[in-house]
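Peer 1: The structure under discussion is supplied below as structure tokens; questions concerning it will follow.
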Amino acid sequence: MIAGYCPICEIQMSLKFLGAIADALQEAGGPWNRNRPTKNKYPVLRQGWHLGRLQLQGVIDLLEVSVKYEARWDAEHRDKVAAARRTNSSTKALQVAEMEHRYPALISKTVARGTKRKSSVPDVNFQEIMATPTNPAHMLLFATTLQKEFDELHEGVSLRPGQSQGLVGSHPGVKVISDFLENFQEQQHGHREELKEMVHYADAMIVLVNENKVLDVFLSHSDYIEDENYEDDEVDQSRWTCLGEVLANVEAG
56 MIAGYCPICE IQMSLKFLGA IADALQEAGG PWNRNRPTKN KYPVLRQGWH LGRLQLQGVI
116 DLLEVSVKYE ARWDAEHRDK VAAARRTNSS TKALQVAEME HRYPALISKT VARGTKRKSS
176 VPDVNFQEIM ATPTNPAHML LFATTLQKEF DELHEGVSLR PGQSQGLVGS HPGVKVISDF
236 LENFQEQQHG HREELKEMVH YADAMIVLVN ENKVLDVFLS HSDYIEDENY EDDEVDQSRW
296 TCLGEVLANV EAG
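Its first residue numbered 56, the sequence shown is counted upward by one per residue in the numbering used here.
This is the structure we're talking about:
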């Protein structure tokens, strides 16, 4: 969420940004003409549109949580509901997102490249029509320098400290985060599938930092519902946790 702006303003800013990219896509030749003169510019615009769409979805996900609280408030303050509905609520913001959002076109699959460049940032796969946050680069990034605040995430796995710092893949510190994840995978040895499953379902990454160093990473999902029958000694890869805890459990086993 963007501090200082109402929900409708946030949605309208995201939609305006996506609309500008969609217009630029059409000026670059649209998704049908592969022999376009601006072919070097088009992939950048196409990637920008997908990342912008993911950013919009992140705002929508947070607003959907706010809608639940608004519904609870309406039920407890029925005498004030009529006046409250005139405000820029999260419910109205979601209606704006649904009515005004437009797609530039049904983008076809990309042509496979002949060469692949090595990069410290995980590759973004746009082969599918809808890109989802199954890649660490697509997750929303939150950061904290407080160990206590980071530890509290175990009690409320949907908690996210501070303000969103955008997508991991577009953050200035992505190189440091990527190096930490790579080192973590190397330490896990044969447990990469478990980490892959955690990344597949997570949509946000909370990073514990100190003096520009990543100390630990916590993966979370906004729609997580805790299982009341969960036992602490039970191995459950769908339970969101920090990577440091996973590594500790692996070494103990």
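Every residue, glycine too, gets a C-beta built ideally from N, C-alpha and C.
Assign M154 to one of three DSSP states: helix, strand, or coil.
Peer 2: Correct three-state label for M154: helix.
Peer 1: Can you name the residues that DSSP bridges to T199?
Peer 2: Paired residues: L263.
Peer 1: Starting from K268 and walking both ways along the alpha helix (DSSP H), at which residues does that stretch end?
Peer 2: Premise fails: K268 lies in the beta strand (DSSP E), 268-275, not in any alpha helix (DSSP H).
Peer 1: Which partner residues does L222 have in the DSSP bridge list?
Peer 2: Paired residue(s): L195.
Peer 1: With DSSP collapsed to three states, give me the class of G228.
Peer 2: If DSSP states are grouped into helix, strand and coil, G228 belongs with coil.
Peer 1: Quick check on K96: does DSSP put it in helix, strand or coil?
Peer 2: In this structure, K96 counts as coil in the three-state DSSP scheme.
Peer 1: Residues in the same chain with beta-carbon distance under 7 Å from L270, minus the five sequence neighbours each way, listed in chain order, please.
Peer 2: Cβ within range, chain order: L263, V264.
Peer 1: With 16 other CB atoms within 10 Å as the buried threshold, where does A126 fall?
Peer 2: Exposed, since its Cβ has fewer than 16 Cβ neighbours within 10 Å.
Peer 1: Take every Cβ of the stretch 113-120, pair it with every Cβ of the stretch 234-243, and state whether three or more of those distances are shorter than 8 Å.
Peer 2: Flag = no, the stretch 113-120 and the stretch 234-243 do not touch.
Peer 1: Put R215 into one of helix, strand or coil per three-state DSSP.
Peer 2: Coil.
Peer 1: Where D129 and T146 are concerned, what is the direct C-alpha to C-alpha distance, given to the nearest angstrom?
Peer 2: The alpha-carbon atoms of D129 and T146 are separated by roughly 12 Å.
Peer 1: Mapping the DSSP letters down to three states, classify D78 as helix, strand or coil.
Peer 2: In this structure, D78 counts as helix in the three-state DSSP scheme.
Peer 1: Would you tell me roughly how many angstroms separate the C-alpha atoms of M154 and E82, rounded to the nearest one?
Peer 2: Going from the Cα of M154 to the Cα of E82 covers about 24 Å.
Peer 1: Please report the straight-line C-alpha distance between F205 and S225, rounded to a whole angstrom.
Peer 2: Computed Cα separation, rounded: 23 Å.
Peer 1: Can you list, in chain order, the residues of its chain whose CB lies under 8 Å from that of K268, leaving out five sequence neighbours each side?
Peer 2: Excluding positions up to five away in sequence, the list reads V231.
Peer 1: On a CA-only basis, which of I76, R108, Q110 is nearest L100? Give me that one, please.
Peer 2: Nearest C-alpha to L100: I76.
Peer 1: Give the straight-line distance between the Cα atoms of L80 and Y97, rounded to the nearest whole angstrom.
Peer 2: Rounded to the nearest angstrom, the two C-alpha atoms are 7 Å apart.
Peer 1: With DSSP collapsed to three states, give me the class of Y60.
Peer 2: Three-state DSSP puts Y60 in coil, outside helix and strand.
Peer 1: Reducing DSSP to helix, strand and coil, say where N190 ends up.
Peer 2: Correct three-state label for N190: coil.
Peer 1: Return the CA-CA distance between G103 and A152, expressed in angstroms with no decimal places.
Peer 2: So the alpha carbons of these two residues sit roughly 19 Å apart.
Peer 1: Just to confirm before moving on: does the CB-CB distance between A192 and L222 stay below 9 Å?
Peer 2: For A192 and L222, yes; Cβs fall inside 9 Å.
Peer 1: Would you say I66 and L149 are within 9 Å of each other, going by their C-beta atoms?
Peer 2: In this structure, L149 lies closer than 9 Å to I66 by Cβ.
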